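Novice:
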Amino acid sequence: MKKVIATLNAPGAIGPYSQAIDTGSLVFCSGQIPINPADGTIPGGIKAQTQQAIANVVALLNEAGLTLDNVVKTTVYLADMADFQAMNEVYGESFGAPYPARSAVAVRELPKKVLVEIEVIAAR
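Using our numbering, you'd call the opening residue of the sequence shown number 765 and step up by one each time.
As structure tokens, then:
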């Protein structure tokens, strides 16, 4: 079983992909960039962008009936690894122990020139 999860409370897909897919036991959320879904703006600075990206993840999880507590794995993409500490600060305030497994990598560029993108896998 594969069910599409979609919400207007997170940015719409900007390509041929789903915001999230629910397999019944796992929910796979596509990478969320820090676009405010209400007005399309992108906040300035890594901390504000991390907060917005996580808020977008939360909106998708809520649509699936889940919370950040259900997240078992995250991948964080950074445009600059120098932003790691500031991103990690916001990330640590958002996720509770036991923390999900995580990968954090620097990439050459992210969509719309944002500083961070976050994708998650959540378990029911």
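Think of the CB as a built atom: it goes at the ideal place given N, C-alpha and C, for glycine as much as any other residue. Bear in mind the structure is a predicted one, so any value in this text is a computation, not a measurement.
Would the beta-carbon of residue 887 fall within 8 Å of that of residue 821?
Specialist: If you number the sequence shown from 1, residue 887 lands on position 123. If you number the sequence shown from 1, residue 821 lands on position 57. No, they are not a contact pair.
Novice: Alpha carbon to alpha carbon, how far is residue 882 from residue 839? Give it in angstroms, no decimals.
Specialist: On the sequence shown, position 75 is the one that residue 839 refers to. On the sequence shown, position 118 is the one that residue 882 refers to. Cα to Cα, the separation comes out at about 6 Å.
Novice: The ligand MN heavy atoms versus the CB of residue 785: any closer than 7 Å?
Specialist: With respect to small molecules bound, the structure shown includes none, and the ligand MN cannot be examined in it.
Novice: Can you tell which of 861, 858, 884 and 776 has the C-alpha that lies nearest to the C-alpha of residue 803?
Specialist: Against the sequence shown, residue 803 aligns to sequence position 39. The shortest C-alpha separation from residue 803 is found at 776.
Novice: Looking at the structure shown, is residue 858 part of a helix, part of a strand, or coil, going by DSSP?
Specialist: Position 94 of the sequence shown, counted from the start, is the residue given in the question as residue 858. In the structure shown, residue 858 sits in a helix (DSSP, three-state: H, G or I).
Novice: Looking at residue 842 and residue 879, is the spacing between their C-beta atoms short of 8 Å?
Specialist: If you number the sequence shown from 1, residue 879 lands on position 115. If you number the sequence shown from 1, residue 842 lands on position 78. Going by C-beta atoms, residue 879 is nearer than 8 Å to residue 842.
Novice: Using the three-state DSSP reduction, which class does residue 833 fall into: helix, strand or coil?
Specialist: As a working note, residue 833 is residue 69 in the sequence shown. Residue state, collapsed to three classes: helix.
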